[in-house]
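Enquirer:
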Amino acid sequence: MTINAERQKTMLFSTPYINNYQAVVIPADSEWKITSFHDLDGKTIAVQKETTSDELMSDYKSTGTISTEIVANEKVTSCFTQLTNGEIDAVVVDSTVADGYIASDADKYQIAYKDDSEPEQFGIAMGKENTALQTAINQALADMEADGFIKDTYDYWFGSGASVTQ
């Protein structure tokens with residue numbers, strides 16, 4: 663879960679275990695060069711509803727920063743199906759999701775842009791009063807980091823380009 667100030671008011675979080683960014687995914691055979699979200703101007707993009715990507719692109723559109731058609735889907739799989747079918751130009755999605763799709767289908771997709779200016783950190787959420795569980799989870803994460811398990815797992819599921827926090 664993304665760690666943020668609002669959520670920290672009502673729950674505890676583990677030590678962050680992954681950094682997440684917003685990414686633009688395009689077909690693997692595309693030569694489209696994207697250097698910022700502004701390059702999405704005039705394009706049709708897909709996002710998963712009620713995600714950071716949805717909020718970000720809606721903000722860009724509502725402020726007139728870019729003029730784009732946004733297709734908001736219930737499931738991220740629909741976004742990638744639309745991209746594969748040529749119904750949209752790009753998918754804006756969490757970089758961890760993008761890394762996973764590329765790790766499993768590098769012949770279909772590529773990350774054309776990753777905004778590393780405002781990373782989100784993911785952690786494990788638990789009840790606000792459960793400090794013993796938080797301590798145990800943090801120790802387990804530290805142990806998994808020390809023995810290389812976390813890096814190996816990220817490499818397996820997200821490819822070697824994934825951004826772990828350590």
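Numbers given in my numbering equal positions in the sequence shown, counted from 1, plus 662. Note that beta-carbon positions come from the ideal geometry of N, C-alpha and C, so glycine has one too. Model, not experiment: these values are computed from the prediction.
#1: Just how far apart, CA to CA, sit Q828 and A708?
#2: Looking at the structure shown, is M663 part of a helix, part of a strand, or coil, going by DSSP?
#3: Once DSSP output is grouped into helix, strand and coil, what is the label at N800?
#4: By the 10 Å Cβ neighbour count, where 16 or more other Cβ atoms means buried, how is M719 classified, buried or exposed?
#5: I need the straight-line Cα distance from S624 to F784, nearest angstrom please.
#6: For the region 674 to 689 against the region 770 to 784, do three or more pairs of beta-carbon atoms, one drawn from each stretch, fall closer than 8 Å, so that the two count as touching?
#7: Grab the span of the beta strand (DSSP E) containing L674 for me, first residue to last.
#8: Grouping DSSP H, G and I as helix and E and B as strand, with all else coil, what is G789?
#9: How is the alpha helix (DSSP H) around Y771 delimited, first residue to last?
#10: Three or more C-beta pairs under 8 Å: does that hold for the region 667 to 674 against the region 713 to 733?
#11: Kindly indicate which residue of E807, A690, D716 has the alpha-carbon position closest to the one of V755.
#12: Below 8 Å, can you find three or more Cβ-Cβ pairs linking the region 749 to 766 to the region 789 to 802?
#13: Just checking my contact of T841 with F820 at CB under 8 Å: how many whole Å lie between their CB atoms?
#14: Where do the N-terminal and C-terminal ends of the alpha helix (DSSP H) with I812 fall, by residue?
#15: Use the C-beta contact count for T714: other C-beta atoms within 10 angstroms, 16 or more gives buried, fewer gives exposed.
#16: Rounded to a whole number of angstroms, what is the C-alpha to C-alpha distance between T706 and T793?
#17: Can you give me the start and stop residues for the beta strand (DSSP E) that A734 sits inside?
Expert: The short version:
#1: Interpretation of Q828 is limited by its pLDDT of 44, a score under 50 that renders its predicted location unreliable; no figure is taken from the coordinates.
#2: DSSP, read as helix, strand or coil, puts M663 in coil.
#3: It is helical.
#4: buried
#5: The chain is shown only over 663 to 828; residue 624 falls outside these bounds and no answer can be derived.
#6: yes
#7: 673 to 675
#8: strand
#9: Run containing Y771: none in the alpha helix (DSSP H); it sits in the beta strand (DSSP E), 771 to 784.
#10: no
#11: Its Cα nearest to that of V755, the residue D716 stands out among E807, A690, D716.
#12: no
#13: This structure cannot settle anything about residue 841, because the visible part of the chain is limited to 663 through 828.
#14: 811 to 820
#15: buried
#16: Approximately 45 Å between the Cα atoms of the pair.
#17: Secondary structure note for A734: its beta strand (DSSP E) is the uninterrupted segment 731 to 735.
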